[in-house]
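One structure is given below, encoded as structure tokens.
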Amino acid sequence: MMEGARFLWMATRGHRLRPWRSEYLKWRLETFTGKHAEEVRARDFWRFVYAERRQVMRFLRWLAEMRSYAGDGERQ
541 MMEGARFLWM ATRGHRLRPW RSEYLKWRLE TFTGKHAEEV RARDFWRFVY AERRQVMRFL
601 RWLAEMRSYA GDGERQ
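Each residue of the sequence shown is one higher than the last, beginning at 541 in my numbering.
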């Protein structure tokens, strides 16, 4: 779960207390849902996180796995 926290820390840079304002997360929401990034509000962000919580957790697990592969390659 540390990878998830690390991702959120990096993805919300400059907007840590208001993650829905993060340009990166708005872009990710736009690519996932089709809603334009300029239209994403706090309500939309939290609804998405709640409705897609399984997909979000799956993404964070995948991210941790990919980072572990990248980390293994660097140590050799």
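C-beta: ideal position from N, C-alpha, C; glycine also.
Are the CB atoms of A577 and W567 nearer to each other than 8 Å? One thing to note: A577 has its Cβ within 8 Å of the Cβ of W567.
Examine the ligand NAD and report whether any of its heavy atoms sits within less than 7 Å of the Cβ of L569. This structure does not include the ligand NAD; it has no bound ligands of any sort.
What would DSSP say about E513, mapped onto helix, strand or coil? With the chain covering only 541 through 616, there is no way to say anything about residue 513.
Buried or exposed: where does S562 fall if 16 or more other Cβ atoms within 10 Å of its Cβ makes it buried? Buried: at least 16 other Cβ atoms inside 10 Å.
Would L565 and A551 qualify as a contact pair, given that the criterion is a beta-carbon distance under 8 Å? Contact flag set, yes.
Own chain residues within Cβ distance below 7 Å of F547, not counting five before or after: So the qualifying residues of the chain are L600, L603.
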